[in-house]
Structure formats: structure tokens, C-alpha cells
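Visitor:
Residue numbers (my numbering): 8 to 125.
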């Protein structure tokens with residue numbers, strides 16, 4: 008109970024939660040102090056993580072009012088981090104796959120096994 012009272016008197020801020028604030032700035036582009044579910048989904052789309060959009064919007068909008076403030080965002084930030092990590096891994100795998108394909112094509116060309124058009 009004491010923790011909850013302390014939390015109410017000292018809401019999260021740029022100073023207390025700098026990492027969360029940095030990501031929040033990317034969501035709250037209009038600087039309204041709150042965001043909507045569609046803005047959360049837009050963040051997921053910008054991270055090329057569209058498969059997380061609806062789930063993350065549901066997790067952040069705990070009251071179902073389509074209003075998510077910084078306090079809600081901080082409380083659910085571990086879910087935001089999962090989305091960001093998944094997006095980075097997705098990008099890494101795509102990049103790694105291109106690198107491997109290019110490497111194989113290069114070795115085939117060196118060995119004289121590449122097609123005439125390559």
C-alpha cells in the first residue's frame with residue numbers, strides 16, 4: 008500500500024525513466040501527453056513488427072478508453088521491449104539471410120558453377 012501511495016505522488020517522468028521516455032517520444036509525436044491505440048500500432052508498423060500491433064495496443068490500453076498515458080506506458084514497458092527486440096531479430100535474420108545468399112553466390116562464381124547470366 009505504501010508503494011502505491013509513493014507511486015501516485017511520484018509519477019514516472021523523463022528523469023525517472025529515461026529509456027521509456029525516449030521510446031515514448033517516438034509514440035507521442037504530437038506531444039499531447041497521451042497516445043491512442045492507433046499510435047501504438049503505428050509504432051509497431053514503423054518497427055516492422057505489425058504482428059505485435061494489436062496485442063501491444065491491448066496491453067497498453069488497460070482501461071479500454073483508447074487513452075494511454077506515460078504511466079501506462081511505463082507499467083507495460085517490458086511488453087514494448089519484447090516488440091522492439093523481436094523487430095530487431097526479424098531485421099537481423101533478414102540481413103543475415105541476404106549475406107549468406109550473397110556469399111554462396113560469390114563462391115559459386117569463383118568455382119565456375121554460377122549461371123552464365125550471373
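We treat Cβ as the ideally placed atom computed from N, Cα and C, and that holds for glycine.
1) For residue 25, which residues from the same chain have a beta carbon less than 8 Å from its beta carbon, with the 5 sequence-adjacent residues on both sides left out?
2) Unbroken alpha helix (DSSP H) runs of length 4 or more, entirely within the region 23-83: which are they?
3) Does residue 37 pass the burial test, meaning 16 or more other C-beta atoms within 10 Å, or should it be called exposed?
4) Exposed or buried, residue 35, counting other C-beta atoms within 10 Å across all chains shown (16 or more means buried)?
5) Return helix, strand or coil for residue 97, following the three-state DSSP convention.
6) Are residue 75 and residue 42 touching if we call contact CB-CB under 8 Å?
7) How would you call residue 23, buried or exposed, if buried means at least 16 neighbouring beta carbons within 10 angstroms?
8) Which of helix, strand or coil does DSSP assign to residue 86?
9) Roughly how many angstroms separate the alpha carbons of residue 57 and residue 48, rounded to a whole number?
Guide: Well, looking at it:
1) none
2) 25-34, 44-53, 60-67, 77-82
3) Burial call: exposed.
4) buried
5) helix
6) yes
7) exposed
8) Note: residue 86 maps to helix in three-state DSSP.
9) 7 Å
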